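Take the sequence shown: its letters are residues 449 to 736, numbered as in the UniProt record's numbering.
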Amino acid sequence: SIPLGFFGGIGGASKSGVLVKGSNYLEALNNVDIVVFDKTGTLTKGVFKVTEIVAEGDVDKGELLEYTAYAESFSNHPIALSILKEYGKEVNQNEIADYEEISGHGIKVKVKGNEVLAGNKKLMNKENIECQNVETFGTVVHVAINKKYSGYIVISDEIKEDSAQAIKELKNIGVRKTVMLTGDNKVVGNNVGKQLGLDQVHAELLPHQKVEKLEVLDKEKSPKGKLIFVGDGINDAPVLARADVGVAMGGLGSDAAIEAADVVIMTDEPSKLVSGIRIAKRTRKIVW
Ligand code: ADP
Ligand code: MG
Numbered sequence: 449s450i451p452l453g454f455f456g457g458i459g460g461a462s463k464s465g466v467l468v469k470g471s472n473y474l475e476a477l478n479n480v481d482i483v484v485f486d487k488t489g490t491l492t493k494g495v496f497k498v499t500e501i502v503a504e505g506d507v508d509k510g511e512l513l514e515y516t517a518y519a520e521s522f523s524n525h526p527i528a529l530s531i532l533k534e535y536g537k538e539v540n541q542n543e544i545a546d547y548e549e550i551s552g553h554g555i556k557v558k559v560k561g562n563e564v565l566a567g568n569k570k571l572m573n574k575e576n577i578e579c580q581n582v583e584t585f586g587t588v589v590h591v592a593i594n595k596k597y598s599g600y601i602v603i604s605d606e607i608k609e610d611s612a613q614a615i616k617e618l619k620n621i622g623v624r625k626t627v628m629l630t631g632d633n634k635v636v637g638n639n640v641g642k643q644l645g646l647d648q649v650h651a652e653l654l655p656h657q658k659v660e661k662l663e664v665l666d667k668e669k670s671p672k673g674k675l676i677f678v679g680d681g682i683n684d685a686p687v688l689a690r691a692d693v694g695v696a697m698g699g700l701g702s703d704a705a706i707e708a709a710d711v712v713i714m715t716d717e718p719s720k721l722v723s724g725i726r727i728a729k730r731t732r733k734i735v736w
């Protein structure tokens, strides 16, 4: 049987916006050894803004933005939403064909009969398009039209207000290691990691490589310690399922993530994980 105190703990957690899907997860939160975070939408707001457009070859900036907005118009990735917002006009989706979203890479699609690729360096390499190395702290979306490199769009995201404090407090309440896994580039990843004081950053990961990294970290945890993964669910449902406790952001997060998660943070604030752990520790004192 489940000790009554657990219901108090789960209820208390839910009042502060942390939904715990069972007493076993509340118990697991007592002994967290490693916390692994996704970046976009988890430690950062996931609301990007276009900060730079660089056109090359036959297209000008306006055309580059238009092709990219069309290419992104079926995607609900935060990157796509920011580009559509910057474009600001209606997209005629009848002009779009053969749409393909390649997870961790970007988009391949036909726009007005022209093949458009919009995504990262991995996508360009995969399609044999040479692209320049852009040195910036933003996320870079490279664009190729009919296999010809046509320039790039830089977008940037902001770190959430409470992320740094959350990382600091996790350390204070006994978490030994904090890690970030991201599909974004190394410059962006390392910059965020440094600003937040994370112990480890692994960047340029595809969704299946995030699972592999999690498995390596799982072997490093202390004998009774738990491995927690915190994500927003865009591409990270497999990692959420693999951790001892999968924590999803419930506000921005996808329904699939909320389904796959053991704990849901309704307000999207990383600091709520600290609240959840504190409540778990208090509950333990009452139950035993
Ligand atoms: P994260 O790990 O930061 O949550 P994702 O796994 O969602 O990132 O995406 C990893 C990378 O793949 C992005 O940083 C971007 O370079 C590229 N990418 C993914 N989706 C898109 C898209 N719709 N348009 C352009 N690039 C994309
Ligand atoms: Mg993500």
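C-beta: ideal position from N, C-alpha, C; glycine also. No experiment lies behind these values; they were computed from the predicted model shown.
Which whole-angstrom value is the C-beta distance of V484 and L688, which I expect to be below 8 Å?
Wrong, their Cβ atoms sit about 10 Å apart, outside the cutoff.
Looking at the secondary structure, which residues open and close the beta strand (DSSP E) in which A566 lies?
562 to 567
Pull up the distance between the alpha-carbon of D506 and that of S598, whole angstroms please.
Take the alpha-carbon of D506 and the one of S598: they are about 7 Å apart.
Output the residue ranges of the beta strand (DSSP E) runs that lie fully inside the segment 507 to 569 and measure 3 residues or longer, sorted by chain position.
544 to 550, 554 to 559, 562 to 567
With DSSP run on the structure shown, which of helix, strand or coil describes I682?
coil
Using DSSP with H/G/I as helix, E/B as strand and the rest coil, what is M628?
strand
Which whole-angstrom value is the C-beta distance of I713 and V557, which I expect to be below 8 Å?
That belief does not hold up - the Cβ atoms of I713 and V557 are roughly 34 Å apart, past 8 Å.
Exposed or buried, which one is D703 when buried takes at least 16 other CB atoms within 10 Å?
exposed
Closest residue to T488 among V678, E617, I501, E575 (Cα-Cα distance):
V678
I550 versus E617: straight-line alpha-carbon distance, rounded
Rounded to the nearest angstrom, the two C-alpha atoms are 37 Å apart.
Continuous alpha helix (DSSP H) stretch holding V659: start and end:
Counted as a single uninterrupted DSSP element, the alpha helix (DSSP H) harbouring V659 occupies residues 655 to 668.
Cβ pair Y535, L513 closer than 7 Å:
Closer than 7 Å, so yes.
Does P718 get closer than 7 Å to chain D when you measure Cβ to Cβ?
Looking at the structure shown, chain D is missing, and only one protein chain is on hand.
Relative to the alpha-carbon of G494, which residue among D710, I531, L662, E563 has its alpha-carbon at the smallest distance?
Closest by alpha carbon: I531.
Taking three-plus beta-carbon pairs below 8 Å as touching, is the segment 468 to 485 in contact with the segment 662 to 679?
Counting Cβ pairs under 8 Å, three or more are found: they touch.
When we look at the beta-carbon of H525 and count the other beta-carbons within 10 Å, is it buried (16 or more) or exposed?
buried
Tell me whether E578 is buried or exposed, calling it buried when 16 or more other Cβ atoms sit within 10 Å of its Cβ.
Answer is exposed; the Cβ neighbour count stays below 16.
Looking at D647 and the ligand ADP, is the gap between the Cβ and the nearest heavy atom below 6 Å?
no
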